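Q: I'd like to ask some things about the structure below.
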Amino acid sequence: MSDDLAIAELDAPPLSLDAHRAIYGSLPPRPPLATAEHIVGRGGAGFPLARKLAAVASQRGPRVVVANGAESEPGARKDKALLTHAPHLVLDGLGLATRLLEAREAIVAVEDATAADVLERAIRERSDAVRVALLDRSYLTGQETALLAALEGRPALPRFQLARVAERGYKSRPTLVANVETLAQWALAARFGTSWHQSAGTRGHDRSTRIVSIALPGSTPTVVELAPGATVRSLLDAVGVTTGLALVGGLFGELISVADERAMARVLVDRADSSDELALGAGSVLLAPSATCVVCATSELVGYLSEERAGQCGPCDRGLPELARALGAGARPAELATVARLIARRGACALPDAAAHLATAITPADAAGHQRRRCHERPFALESREPSRG
Ligand code: SF4
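FYI, in the working numbering the residues of the sequence shown are 7 to 396.
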């Protein structure tokens, strides 16, 4: 295995509080905000944690902190792996946020019953005032505003944001929503210092390790911890994939061919700043080693997004099925671009943008190949989750 990555010990039992402290040592009670400065969000959007904390801190009123562990990308398992193996690291990060923001309420939101059980036990060990919310599974639940709606007992639907969540979030209170891996990273940086946290790499803002799940159709995802500088090739080598297609960064990411050496050489990062980098988004990679057709693969992905749409915004509700239909019918790139323009940036959430991005990446050569072969593959074998449609 390359030095760039390590297979995470998913099946290891959860670390008890004593074992956690023996490994990581104790946590400073009030580390400065500066310790969060280089930490980039690991939930998908890649937003800097320090800016989120500062935005909530600037608001008056009872504040709330929410650890988002509701990962909903198909094949995603890295948050579950972290929560079930190192729950105290996440709770440490949540505790730091609670103290720094003097929050009245702290919540961990998950969609997985095992993760919820492990967290409940971990919270009892440390007597923290943290609520674990086990939410219904849906693709949109992990979206920030949908998550808050679900926590308030309403359907998990994204909302158009007149005010930011930092100003009016959970029950209209100033709210920090941070991915569980982001909080765990902060717990490490607060203990060992920013220099230590950033010492794993030298590249721009991506200098710390990163947890990623890689899923082959029909099998349990493998969870890997990547060192900064790891390439797509080194990641795929870890699971022995040498053919087909890979969706890197989940449904908001990019579909690339494993045969494309240039794509394979791209460096995996939180936020891509150049063409030799590829963003990991929510930390999920879906593989389709048997895939031969980019159009069929894209059609399956867009069809999945269409099934998972919430049905509350007109352009998305009507446009996504139309885009999926056009892909299935082998439409030319120009026609796909026309439909994509009608839906992109016109919803309460970014789901239609993701579909438009995938559909418009199809090249004339991809379309011509699909026309020639008249193929109908579903290489990712995605199963629709419970749609959020209200
Ligand atoms: S954009 Fe689509 S998926 Fe997002 S909230 Fe609106 S209808 Fe739902």
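For glycine and all other residues, C-beta sits at the position ideal for the given N, C-alpha and C.
Predicted model, so just to flag it, every value in this text is computed and none were measured.
List the DSSP bridge partners of V264.
A: To locate residue 264, count along the sequence shown from 1; it is residue 258. DSSP, once it has assigned bridges, lists no residue as partnering V264.
Q: Going by DSSP in three states, A294 sits in which element: helix, strand or coil?
A: Against the sequence shown, residue 294 aligns to sequence position 288. It is a strand residue.
Q: On the DSSP letters alone, give me the boundaries of the beta strand (DSSP E) that A365 sits inside.
A: In the sequence shown, residue 365 corresponds to position 359, counting from 1. Unbroken run through A365 is the alpha helix (DSSP H), 357 to 366; no beta strand (DSSP E).
Q: Alpha carbons only, please: which of L33, R384, T41, F258 is nearest the one belonging to L286?
A: As a first step, residue 286 is located in the sequence shown; it is residue number 280 there, counting from the start. Per the Cα distances, F258.
Q: Keeping to the same chain, check which residues put their C-beta closer than 6 Å to that of L154; ignore five residues upstream and five downstream.
A: Counting from 1 along the sequence shown, the entry for residue 154 is found at position 148. In chain order, G175, Y176 place their CB closer than 6 Å to the CB of L154, counting only its own chain and leaving out the 5 sequence neighbours on each side.
Q: Taking the beta strand (DSSP E) that R137 belongs to, which residues open and close that run?
A: For the purposes of this step, residue 137 is taken as the residue at position 131 of the sequence shown. From DSSP, the beta strand (DSSP E) with R137 extends over 137 to 140.
Q: Whole angstroms are fine: how far does the CA of A316 sit from the CA of R351?
A: Counting from one through the sequence shown, the residue named residue 351 turns up at place 345. Counting from one through the sequence shown, the residue named residue 316 turns up at place 310. Those two C-alpha atoms are separated by around 15 Å.
Q: Kindly indicate which three-state DSSP category L75 falls into: helix, strand or coil?
A: Sequence index remark: in the sequence shown, residue 75 carries index 69 (1-based). According to the sequence as given, residue 75 is Gly; it is not Leu. Three-state DSSP puts G75 in a strand.
Q: Thinking C-beta only, is A73 closer than 7 Å to V114?
A: Position 108 of the sequence shown holds residue 114. Position 67 of the sequence shown holds residue 73. In this structure, A73 lies closer than 7 Å to V114 by Cβ.
Q: Do G256 and A303 count as a contact pair if the criterion is CB distance below 7 Å?
A: Reading the sequence shown from its first residue, position 297 is the one you call residue 303. Reading the sequence shown from its first residue, position 250 is the one you call residue 256. Taking 7 Å as the Cβ cut-off, A303 and G256 do not qualify as a contacting pair.
Q: Would you check if the distance between the CB atom of R48 and the CB atom of E187 is smaller than 7 Å?
A: Residue numbering aside, residue 48 sits at position 42 when the sequence shown is read from its first letter. Residue numbering aside, residue 187 sits at position 181 when the sequence shown is read from its first letter. Yes. Within cutoff.
Q: How would you write the range of the beta strand (DSSP E) that L146 sits in, first residue to last?
A: For this step, residue 146 is matched to residue 140 along the sequence shown. That residue, L146, is in no beta strand (DSSP E); it is neither H nor E in DSSP.
Q: Starting from L222, follow the alpha helix (DSSP H) in both directions and report where the run begins and ends.
A: The sequence position of residue 222 within the sequence shown is 216, counting from 1. Careful: L222 lies outside any alpha helix (DSSP H) and carries neither H nor E.
Q: Answer yes or no: the CB of Q318 versus the heavy atoms of the ligand SF4, is any distance below 6 Å?
A: Numbered from its first residue, the sequence shown carries residue 318 at position 312. Correct: Q318 has its Cβ closer than 6 Å to the ligand SF4.
Q: In whole angstroms, what is the alpha-carbon distance linking H376 and S133?
A: As a working mapping, residue 376 is identified with position 370 in the sequence shown. As a working mapping, residue 133 is identified with position 127 in the sequence shown. Distance between the alpha carbons of H376 and S133 is about 58 Å.
Q: Do R331 and the ligand SF4 come close, with the Cβ less than 6 Å from some heavy atom?
A: Along the sequence shown, one-based indexing puts residue 331 at 325. Not so, every heavy atom of the ligand SF4 lies at least 6 Å from the Cβ.
Q: Would DSSP call A252 helix, strand or coil?
A: Translated into positions along the sequence shown, residue 252 becomes position 246. Under the three-state reduction of DSSP output, A252 falls in the strand class.
Q: With H, G and I counted as helix, E and B as strand and the rest as coil, what does DSSP make of A278?
A: Mapped onto the sequence shown, residue 278 falls at position 272. DSSP places A278 in coil when its eight states are reduced to three.
Q: Would you say A354 touches the ligand SF4, meaning its beta carbon is less than 6 Å from a heavy atom?
A: Your numbering for residue 354 matches position 348 in the sequence shown. It does: the Cβ of A354 is within 6 Å (strictly closer) of some heavy atom of the ligand SF4.
Q: What are the boundary residues of the alpha helix (DSSP H) that T304 is part of?
A: In the sequence shown, the residue the question calls residue 304 occupies position 298. Counting along the chain, the alpha helix (DSSP H) containing T304 begins and ends at 300 to 314.
Q: Does the structure place the stretch 268 to 279 close enough to the stretch 229 to 248 that three or more beta carbon pairs sit under 8 Å?
A: yes
Q: Can the beta-carbon of T90 be found closer than 7 Å to that of V136?
A: Here residue 90 corresponds to residue number 84 of the sequence shown, with the count starting at 1. Here residue 136 corresponds to residue number 130 of the sequence shown, with the count starting at 1. It is not a contact, given that the beta carbons lie outside the stated cut-off.
Q: State the Cα-Cα distance for the pair Q167 and R69, rounded to the nearest angstrom.
A: Within the sequence shown, residue 167 is the residue found at index 161, counting from 1. Within the sequence shown, residue 69 is the residue found at index 63, counting from 1. When rounded, the distance between both Cα atoms is 18 Å.
Q: Pairs of beta-carbons, one from the stretch 143 to 154 and one from the stretch 17 to 37, closer than 8 Å: are there three or more?
A: no
Q: Hey, how far is the Cα of A387 from the Cα of L307?
A: Within the sequence shown, residue 387 is the residue found at index 381, counting from 1. Within the sequence shown, residue 307 is the residue found at index 301, counting from 1. Looking at the two C-alpha atoms, the distance is approximately 10 Å.
Q: May I ask you to check if the CB of P327 is nearer than 6 Å to at least one heavy atom of the ligand SF4?
A: One-based indexing of the sequence shown puts residue 327 at position 321. Not one heavy atom of the ligand SF4 falls within 6 Å of the beta-carbon of P327.
Q: With burial defined as no fewer than 16 other Cβ atoms inside 10 Å of the residue's Cβ, what is the status of C381: buried or exposed?
A: Along the sequence shown, one-based indexing puts residue 381 at 375. C381 comes out exposed.
Q: Could you tell me the distance, in whole angstroms, from the CA atom of A61 to the CA atom of A172?
A: Residue mapping note: residue 61 aligns to position 55 of the sequence shown, counting from 1. Residue mapping note: residue 172 aligns to position 166 of the sequence shown, counting from 1. Their Cα atoms are separated by approximately 6 Å.
Q: Would the C-beta of P54 count as close to the ligand SF4, meaning under 6 Å from any of its heavy atoms?
A: Start at 1 with the first residue of the sequence shown, and residue 54 comes out as number 48. For the ligand SF4, not one heavy atom lies less than 6 Å from the Cβ of P54.
Q: Quick one, are the C-beta atoms of L284 and V245 less than 7 Å apart?
A: Taking the sequence shown and counting its residues from 1, one reaches residue 284 at position 278. Taking the sequence shown and counting its residues from 1, one reaches residue 245 at position 239. In this structure, V245 does not lie closer than 7 Å to L284 by Cβ.
Q: Is any heavy atom in the ligand SF4 found nearer than 6 Å to the beta carbon of P164?
A: As a first step, residue 164 must be located in the sequence shown, where it is residue number 158. Checking the Cβ of P164 against the ligand SF4 gives yes.
Q: Report back the beta-carbon spacing between L342 and L326 to the nearest angstrom; my notes put them in contact at under 8 Å.
A: Residue numbering aside, residue 342 sits at position 336 when the sequence shown is read from its first letter. Residue numbering aside, residue 326 sits at position 320 when the sequence shown is read from its first letter. With a Cβ gap of about 13 Å, L342 and L326 do not count as contacting.
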